Amino acid sequence: MLRFITIVLLGWLPLQALAQDGTAILEQMMNKWNLVKDYSVQVNIKSEIPLIKSFPVKATIYFKQKNQFRMVSKGIAILPKQNFNELPKFLQNKGSYTALITGNESIQSQNTTVITVLPSDDSGDLVLLKLWIDPKTDLLYKSQTTTRSNGTISALYEYGSQRAFGLPDKMIFTVEVKKFKIPKGLATDINRTSTTNQPTPKNGKITILFSDYSINKGIKDEVFKK
4 MLRFITIVLL GWLPLQALAQ DGTAILEQMM NKWNLVKDYS VQVNIKSEIP
54 LIKSFPVKAT IYFKQKNQFR MVSKGIAILP KQNFNELPKF LQNKGSYTAL
104 ITGNESIQSQ NTTVITVLPS DDSGDLVLLK LWIDPKTDLL YKSQTTTRSN
154 GTISALYEYG SQRAFGLPDK MIFTVEVKKF KIPKGLATDI NRTSTTNQPT
204 PKNGKITILF SDYSINKGIK DEVFKK
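The structure is reproduced here in structure tokens:
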């Protein structure tokens, strides 16, 4: 019996260490994010979703702590919300998940640590989250979000002018075509292409370019109420 307990403890201790290290890496990344009290940025959004015909959209994104987010555009913008306001919001609630180190991988020539995030609520929309973080710079280079409502959504992050704040210059999303939901309210504004005998690609792509960041200059709360 004593031997069995010892074996269980020896198996549990490395798992606890991985969780502590994974949480520490997440906290460092979020500390960089928290340097941003507010920002506005111009974005150009290009959606390439099979069977959906849409045009590039220009928009302005506003963000303010905590978790105030708004996008203003004249056209129809298709975006997976999980990787904007929802991702930071979820990670801030440390009691809602367990973070484990599950590997290392090179992303965009950067050595990243793979963090697997397991939600505590197994009945929620989020099933699994994986993050590829460079622990030397605390930058997120890739994320993979698996949800019940939208399937698996992957995102690549490229940095330039605002890497000190962890804000990207470019994001490339990959979505599952069959599971990715487009809001019903947008359906009348999007022209669906005619089907052919060719098989529908499994994945679609959404590319976002960011420019003209304005960071920590102050944004009134009224901006988010309109």
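Under the working numbering, read the sequence shown as residues 4 to 229, first letter to last. From the three backbone atoms N, C-alpha and C, an ideal C-beta is built for every residue, glycine too. Predicted model, so just to flag it, every value in this text is computed and none were measured.
Worksheet item: Which class does ALA80 belong to by DSSP, given the choice of helix, strand or coil?
Response: Coil.
Worksheet item: Is SER164 helix, strand or coil when you go by DSSP?
Response: The DSSP-derived three-state label of SER164 is coil.
Worksheet item: For the region 21-35 against the region 51-59, are there 3 or more C-beta pairs whose distance is under 8 Å?
Response: Taking 8 Å as the limit for Cβ pairs, the verdict is that the region 51-59 does not touch the region 21-35.
Worksheet item: According to DSSP, is PHE66 helix, strand or coil?
Response: Strand, per DSSP.
Worksheet item: Under the rule that 16 or more other beta-carbon atoms within 10 Å means buried, what is PHE227, buried or exposed?
Response: By the neighbour-count criterion, in which 16 or more other beta carbons inside 10 Å mark a residue as buried, PHE227 falls on the exposed side.
Worksheet entry | Three CB pairs or more closer than 8 Å across the region 100-107 and the region 64-72 | The region 100-107, when compared against the region 64-72, does not touch it at the 8 Å Cβ threshold.
Fill in: Contact belief for VAL46 with PHE213 at Cβ below 8 Å, rounded distance in angstroms
The beta carbons of VAL46 and PHE213 sit about 6 Å from each other, so the pair counts as a contact at 8 Å.
Item to complete: Find the nearest neighbour of THR115 within the set GLN95, ASN96 and LEU143, judged by alpha-carbon distance.
Response: Nearest C-alpha to THR115 among GLN95, ASN96 and LEU143: LEU143.
Fill in: Residue closest to THR140, alpha-carbon to alpha-carbon, out of ASN219, PRO83 and LEU170
Checked all of ASN219, PRO83 and LEU170; the closest Cα to THR140 is LEU170.
Worksheet entry | Enclosing beta strand (DSSP E) for LEU143 [first to last residue] | That run of the beta strand (DSSP E) goes 142-150.
Worksheet item: Do the CB positions of TYR3 and ILE156 come within less than 8 Å of each other?
Response: Outside the shown range of the chain, which is 4 to 229, sits residue 3, and nothing can be said about it.
Discussion item. Give me the residue from GLU161, LYS223 and THR210 with the minimum Cα distance to ALA80.
Written reply: With distances taken between Cα atoms, ALA80 lies closest to THR210.
Practice prompt. For THR63, I'd like the list of residues in its chain whose CB is within less than 8 Å of its CB, leaving aside the five on either flank, ordered along the chain.
Written response: Hits under 8 Å: SER43, VAL44, GLN45, VAL46, MET74, VAL75 and SER76.
Item to complete: Could you say which of LYS145, LEU159, GLU161 and LYS97 lies nearest to SER123 if we only look at CA atoms?
Response: Cα-wise, what sits closest to SER123 is LYS97.
Practice prompt. Just mark ALA158 as buried or exposed, buried being the case when its beta carbon has 16 or more other beta carbons within 10 Å.
Written response: Counting Cβ neighbours within 10 Å, ALA158 comes out buried, since at least 16 surround it.
Practice prompt. Assign VAL39 to one of three DSSP states: helix, strand, or coil.
Written response: Shown here, VAL39 sits in coil according to DSSP, grouped into three states, outside any helix or strand.
Worksheet item: beta strand (DSSP E) containing GLU179: first to last residue?
Response: Segment 173-179, the beta strand (DSSP E) holding GLU179.
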